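So the protein lines, in turn, are chains A, B, C and D.
The numbers in the numbering used here rise by one with no breaks, and the one at position 256 of the first sequence is 256.
If you count the second sequence from 1, you need to add 382 to reach the numbering used here.
If you count the third sequence from 1, you need to add 599 to reach the numbering used here.
If you count the fourth sequence from 1, you need to add 720 to reach the numbering used here.
We put the CB at the ideal spot given by N, CA and C, even for glycine.
Computed from a predicted structure; not experimentally measured.
Scroll down for the structure; my scribbles are underneath it.
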Amino acid sequence: MAETPTRHVHFPGMDTTVLGADEIIINMGPQHPSTHGVLRVKLHLDGEKVIGSECIIGYLHRGVEKIAEHRSYQQFAPYVDRMDYVAAVSNGLGYCEAVEKLLEVEVPPRAKVVRTILTELQRIASHLLWLGTHALDIGALTPIFYCFREREEILKIFEKYCGARLTTHAFRIGGLQYEVYDGFEEDVKRFLADFDRKIDEYEALLTTNRIWVERTKGIGVLSAQDAIALGVTGPVLRASGVKWDIRKAFPYAAYDRYDFEIPVGSNGDTYDRYLVRMEEMRQSRRICLQAIEDIPSGPILGKVGKVMKPAPGEVYHSIEAPKGELGYYIVSDGTTQPYRVRIRPPSFINLQAFDTMVRGHLVADVVAIIGTIDIVLGEVDR
Amino acid sequence: MADEPTSKQPEKRPETSEGQPPARETSAQKPAEKPAGEKPVPPKKEAPPAWPKPLDNEMVRRFRQRFGDAILDALEDRKQAILVVAAERLREIAEYARDEEQFDMLTDLTAVDWPKREKRFDLVVNLYSFPRNERLRLKAAVGEHDQPPSLAPVWAAANWLERECFDMFGIRFEGHPDLRRILLPDEWVGHPLRKDYDILQQDTAWVRENLGIESGQ
Amino acid sequence: MPEHYIPIFIFAALAAAFPAVTLIIFKYIRPEMRAVGAKLEPYECGIPPEGDARGRYSVRFYIVAILFVIFDVEVIFLFPWAVQYGVLGLYGLVTMFVFLGILLIGYVWLYRSGALEWIYE
Amino acid sequence: MDAVVEFLKPHLLPLLWAVVIVAVLPLVAGYIVLLERKVMADIQARLGPMRVGPHGLLQPIADALKLLLKEDIIPANADKWIFWIAPLISVTAAMLALSAMPFGPVFQIADLNVGLLFIVAVSSLGIFGIVLGGWSSNSHYALLGALRSAAQVVSYEVAVGMALVSGLLLAGTLSMRKMVEAQAEQGVWFAFLVPVGFFIYLVAGIAELNRAPFDLPEAESELVAGYMTEYSGFRWALYFLGEYTAMIVVSGIGTTLFLGGWLRPFPNVAAFDFLDYLPAVLFLALTGYCFYRAPKQPVPIQKAVMGLFGVLCLGITAALGWAVTLPAEAVARAGILGAFWFLAKVFLFLYSFMWFRFTFPRYRFDQLMRLGWHFLIPVSLVNVMGVGAALVLHRQAGWPLWQGLVLGTVVTLAVAAWLILVRQRRPVAAPSAGGEV
């Protein structure tokens, strides 16, 4: 067969511009099975092809940043859990570290390591949820149940540690509130020992599945250049071939103590983002395995007063949340309440790349692309 | 609710001088559950390094050389570099930062409201450089009716961030391709992250108008 | 031969009557509610739909329809041929090869002209 | 009155069977749904329905009652009459296709000499129900679902037809009954003679049923519920009934033409006669299980229901056991055992449909069309030619049939491999990202 890049249909007497379909405008969301919450996407379609899109967000806006201005530093900490509610531990870590930076408090090593373990477990949990829902969007009905099975184990560890499964508020400014419970190490080890095999199981279902590959390869391509211009971070950026991870770039918590790789993709398509996240789960497991072997002893809370009054000034601190760079920009006016808390939500900024990714694709790809960005609307809208 | 008292009077932030807001009077607005726990201020904070310090390094000198008076100040706050720049020349400086200084990613763009100042908003632009693995913060003072240049032509990421900034503070960016509210409904009145925004009144009005009931606040 | 069809006609009547009758009977049995307002709007994720849904469809659907007519008729021709194949033997094979060859040429032309592509620029 | 009775007398048994089908089919469809949910639960490492009745055995009945009593909404802008009649078309067409289906040598409403043609023609009418329903709803999602469905069904209809022709060449008849008899005579199921044809029939059949991985007309992650978006309550249930009946029809055709219909495995080998006892033993085991589990149910009513199911199984066991004891040429024996084997094979099909659904992700629409037009149709065309050539070689040149068929299959597979390679050289997704359109 002769290969020509573009194919035209030439039927005599037929002008496709005249015969073109009406442009259809379809609303996907806010109440749609696969917009992951209350995202509303307005699609302009030619037939089934997307010729333009607009994300309409804000349905879950709660004014978290405004709330922060009326809470003390400690009081605000639980609120951040409600942003990316599938990765509450990561949110909490970012906030606590930002305030610690503002207070210039040193966190004891034991707290740092426990924080690292919990945050990495949370990353696994978040990626598992992403994998399940993403696969469900593309029509694979089964992986989500396997993913929830493993995620359940992680949530059980969280529940045992701090009494909550979802919005954990696991950390305190300056370190940890609770000493780890008896058997924490065993629980984590048991989970990790089994988990590698479980990832293989998901991959057996998807990675080489012909339909899965066809549905994800070449879909939603984001070049490295575009990704950087759009400020995209996290696995989406790494899948585009940019090897950048805040855990390596600006090590926080105890990440500088552990060996791990940063997986990168090459094509920046949905399949690469899938592979990157799968590999990230393995790397998270690796970090946890190293960390759990050697938790330093010592205090768990640094020297912070009961009343926190950071010196006037400002700080920007960011961590590598499961979705990307989660930054907190906190301005202190020297009182017990932050003057301004700005949260840089990874989902919000990554979602901006949606239009670039979706143009020219079909309706069916829209859900694949929404899924691959891995947004949580609680964080997009705050 | 213990924290009710604070949320009832949101806009009474005492602020005496510009630039450096001093510590607030301690007892006035404390939450109820911490009555007088303020006295023993932690001793370790007695003599903190006086942030922000002035910053002077190669990069700042290059900026100064290139833009002269437009670089109003260079500061270091908790080991973070801050350039205070003139808002009118923000886009030029941003373009220079991106092209010459390799700050290729716009990490974040936001604002802070200081209602007592002459120019009430601080526009805060956080930049990141992949090759240098460095962050840089640009700050520019913007008056209530000023129209700072939009950074959307420089970084595509600025599009939504500026829309959010407009939504929350009412800062109009000149040259923005599509400056509309992003998180709040289009017909919303006021800009919530301004310090003088009255939450309760807004809430009651909106609920009454749109839901036809009295707000429970 | 037609008497073979008598049970089929009766069965057809039964099969058509069953759902219709159930539908009508239960209309009177189920608690009466009259849907009003937004319940009667077509579903579009909670947003009032823009424009009428019955616009002009993409031309590709029509192309597929035409192709279907062409190819399915050929398949129907194949049915009696297949049944009589034992009788026709080599003659049947040759004629059908010619027939299918012509069809295949048409198919290749369609393939190369891109009419079988769902997406084309 | 007498004239009517006289008129109907020769058709008494078929008519009885017709009434049974119409009466029992909704129940059967409900239990297939339950089975599907149980299979799904098993694949997904969970239990599935467990609340209504023991092991959820009464769930279909509860669902049916709920759907019947549910509020009935017709959207304001919908075309009321078409909206009303569309699901009826869907159900009636699917049911009608069962009328020529031989559920064993006895249970058949009518053995038409053009049986297969009749079934294919009638079951294709079901697409009207889908298209009309989607169109009349006046909803974007429904319309897109309906259009997709129409394009998909007509595309795969061609491949299905070709695959059937490859079987017909061997059977030499359109009568469903004679097809099975042909396989009994030749002593082999046609699936083994034309494996490519059988495979294409399976794939294209799933596509025609709008089942996963080809369930694009109702792809819930994209089109919410596709053509049924605006349907609720009993109308929605009718679509479901239509869909599951169509599943039985497609499985039935496949069973009859490719898997030997009501014949038991190795019908001509006396050494396998013990297989005749298998059905009774199987149901006896099921009975035992029911009675064993009944006292363990938590609530008395559940115990009773479980017992009831045990009794039901016992009844079936008795029927099957009685049939086995009859002499080999008795009609009842062939009928009952035949019905068992036929249904067992149909359920094999149904199980594979479910298995595929919970294993594969969903195709995208253009990929689906490409699979149909670029792969299945040419391959099935070549397959027909191959089978035809093999038969001529066998009959005119005296080759053994299997040699010709193997040759034909190899050629077909070579063509298929070539097509796959051609497909893989092409970009998977045509559109370029980020391009302004």
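Scan the region 951-969 of chain D for residues whose Cβ lies nearer than 7 Å to a Cβ of chain C and list them as they occur along the chain.
-> Phe954 and Leu958
Indicate the three-state DSSP secondary structure (helix, strand or coil) for Thr216 of chain A in the structure shown.
-> Taking the first sequence and counting its residues from 1, one reaches residue 216 of chain A at position 216. Three-state DSSP puts Thr216 of chain A in a helix.
At least one CB of chain A closer than 8 Å to the CB of Asn515 of chain B: is that the case?
-> Within the second sequence, residue 515 of chain B is the residue found at index 133, counting from 1. Answer yes: the Cβ-Cβ gap between Asn515 of chain B and chain A drops below 8 Å somewhere.
Pairwise C-alpha distance: Arg499 of chain B and Arg576 of chain B | By one-based count along the second sequence, residue 576 of chain B stands at place 194. By one-based count along the second sequence, residue 499 of chain B stands at place 117. If I take the Cα positions, the gap works out to 13 Å.
Mind checking whether Ala911 of chain D and Phe978 of chain D have CB atoms under 8 Å apart?
-> Within the fourth sequence, numbered from 1, the residue matching residue 911 of chain D stands at position 191. Within the fourth sequence, numbered from 1, the residue matching residue 978 of chain D stands at position 258. Against a cut-off of 8 Å, the Cβ pair of Phe978 of chain D and Ala911 of chain D comes out as a contact.
Cβ of Met487 of chain B within 8 Å of any chain A Cβ = Counting from 1 along the second sequence, the entry for residue 487 of chain B is found at position 105. By this cut-off, Met487 of chain B is an interface position.
Is the CB of Val383 of chain A under 8 Å away from at least one CB in chain B?
-> The shown model of chain A, from 1 to 382, leaves out residue 383 of chain A, and the question about it has no answer.
Kindly indicate the opening and closing residues of the alpha helix (DSSP H) around Tyr510 of chain B.
-> As a working note, residue 510 of chain B is residue 128 in the second sequence. Element bounds for Tyr510 of chain B: not the alpha helix (DSSP H) but the beta strand (DSSP E), Phe503 to Ser511.
Residue span of the alpha helix (DSSP H) that contains Leu351 of chain A, given as start and end = Residue mapping note: residue 351 of chain A aligns to position 351 of the first sequence, counting from 1. Element bounds for Leu351 of chain A: Pro346 to Leu351.
Leaving out the 5 sequence neighbours to the left and right, which residues in its chain are closer than 6 Å to Leu60 of chain A when beta-carbon positions are compared?
-> Walking along the first sequence from the start, residue 60 of chain A turns up at place 60. Val38, Leu377, Gly378 and Asp381.
Determine whether the Cβ of Ala1137 of chain D lies closer than 8 Å to any Cβ atom of chain C.
-> The sequence position of residue 1137 of chain D within the fourth sequence is 417, counting from 1. So no, Ala1137 of chain D is outside the interface.
Can you find a CB in chain A that lies within less than 8 Å of the CB of Thr492 of chain B?
-> As a working mapping, residue 492 of chain B is identified with position 110 in the second sequence. So, interface residue.
Which residues, in chain order, does the region 313-334 of chain A contribute to contact with chain B at a C-beta distance below 8 Å?
-> Taken in chain order, the members of the region 313-334 of chain A whose beta-carbon sits within less than 8 Å of a beta-carbon on chain B are Gly313, Glu314, Val315, Tyr316, Ser318, Glu325, Gly327, Tyr329, Val331, Asp333 and Gly334.
Distance between beta carbons of Ala866 of chain D and Val851 of chain D, contact taken as under 8 Å = Locating residue 851 of chain D in the fourth sequence gives position 131, where the first residue counts as 1. Locating residue 866 of chain D in the fourth sequence gives position 146, where the first residue counts as 1. Yes, Val851 of chain D and Ala866 of chain D are in contact; Cβ-Cβ is about 5 Å, under 8 Å.
Mind listing which residues of the region 224-243 of chain A have their C-beta closer than 8 Å to chain D's C-betas, in chain order?
-> Asp226
Name the chain A residues that come within less than 7 Å of Phe919 of chain D, Cβ to Cβ?
-> Indexing the fourth sequence from 1 puts residue 919 of chain D at position 199. Within chain A, no residue comes near Phe919 of chain D; the closest Cβ sits about 15 Å away, beyond 7 Å.
Tell me which same chain residues have a C-beta within less than 8 Å of the C-beta of Val1135 of chain D, skipping the five on either side of it?
-> The residue you call residue 1135 of chain D lines up with position 415 of the fourth sequence. Sequence-distant partners of Val1135 of chain D (beyond 5 residues in either direction) whose C-beta falls short of 8 Å from its own C-beta, in its chain, are Pro1098, Val1099 and Val1102.
Would you call the CB atoms of Ala415 of chain A and Leu206 of chain A closer than 8 Å?
-> Nothing about residue 415 of chain A can be reported from this structure: the residues present for chain A run from 1 to 382 only.
Under a CB-based cut-off of 8 Å, is Arg215 of chain A close to chain D?
-> Residue 215 of chain A sits at position 215 when you count from the first residue of the first sequence. Chain D, which has a Cβ nearer than 8 Å to the Cβ of Arg215 of chain A, makes this yes.
Can you give me the start and stop residues for the beta strand (DSSP E) that Thr489 of chain B sits inside?
-> Indexing the second sequence from 1 puts residue 489 of chain B at position 107. Here the beta strand (DSSP E) through Thr489 of chain B covers Met487 to Asp495.
Please say whether Ala539 of chain B and Leu326 of chain A have beta carbons closer to each other than 8 Å?
-> Counted from its first residue, the first sequence places residue 326 of chain A at position 326. Counted from its first residue, the second sequence places residue 539 of chain B at position 157. Contact flag unset, no.
Please state whether DSSP places Ile794 of chain D in a helix, a strand or coil.
-> Here residue 794 of chain D is taken as the residue at index 74 of the fourth sequence, counted from 1. Note: Ile794 of chain D maps to coil in three-state DSSP.
Compute the beta-carbon to beta-carbon distance between Ala765 of chain D and Arg149 of chain A, rounded to the nearest angstrom, for a pair I have assumed lies under 8 Å.
-> Within the fourth sequence, the letter at position 45 stands for residue 765 of chain D. Within the first sequence, the letter at position 149 stands for residue 149 of chain A. So it is a contact: roughly 6 Å between Cβ atoms.
Between the region 747-764 of chain D and chain A, which residues of the former have CB atoms less than 8 Å from a CB of the latter, in chain order?
-> Per Cβ criterion, the list reads Met760, Ile763 and Gln764.
8 Å contact criterion, which Val213 of chain A and Leu222 of chain A should meet: CB distance rounded = On the first sequence, position 213 is the one that residue 213 of chain A refers to. On the first sequence, position 222 is the one that residue 222 of chain A refers to. Not really, about 18 Å apart at Cβ, beyond 8 Å.
Along the region 35-62 of chain A, what residues have a CB closer than 7 Å to any CB found in chain B?
-> Ile57, Gly58 and His61
For His361 of chain A, name the three-state secondary structure that DSSP assigns.
-> The residue given as residue 361 of chain A occupies position 361 in the first sequence. In this structure, His361 of chain A counts as coil in the three-state DSSP scheme.
Between the region 831-851 of chain D and the region 788-797 of chain D, do at least 3 Cβ pairs fall closer than 8 Å?
-> no
Return helix, strand or coil for Asn858 of chain D, following the three-state DSSP convention.
-> Here residue 858 of chain D is taken as the residue at index 138 of the fourth sequence, counted from 1. Looking at Asn858 of chain D - three-state DSSP - the assignment turns out to be coil, as it is neither helix nor strand.
Identify whether Met1105 of chain D lies in helix, strand or coil by the three-state DSSP scheme.
-> On the fourth sequence, residue 1105 of chain D is found 385 positions in, with the first residue counted as 1. DSSP places Met1105 of chain D in helix when its eight states are reduced to three.
Use the C-beta contact count for Pro530 of chain B: other C-beta atoms within 10 angstroms, 16 or more gives buried, fewer gives exposed.
-> Within the second sequence, numbered from 1, the residue matching residue 530 of chain B stands at position 148. So Pro530 of chain B ends up on the buried side.
Closer than 7 Å by C-beta to Ile475 of chain B: which residues in its own chain qualify, once you throw out the five before and the five after it? Chain order, please.
-> Along the second sequence, one-based indexing puts residue 475 of chain B at 93. Counting only Cβ-Cβ distances below 7 Å, and skipping sequence neighbours, we find Phe449, Ala452, Val467 and Leu520.
Trp1093 of chain D: contacting residues in chain C (beta-carbon distance under 7 Å) = Taking the first residue of the fourth sequence as position 1, residue 1093 of chain D is located at position 373. Within 7 Å Cβ-Cβ: Leu715.
Proximal residues of chain B, C-beta to C-beta of Leu404 of chain A below 9 Å = Beyond the ends of chain A as shown, which are 1 and 382, falls residue 404 of chain A; an answer cannot be given.
For Gly175 of chain A, does the three-state DSSP call read helix, strand or coil?
-> Looking up residue 175 of chain A in the first sequence gives position 175. Strand at Gly175 of chain A.
Cβ-heavy atom distance between Gly132 of chain A and the ligand HEM below 7 Å?
-> Only the bare structure without any ligand can be found here, which leaves the ligand HEM out of the picture.
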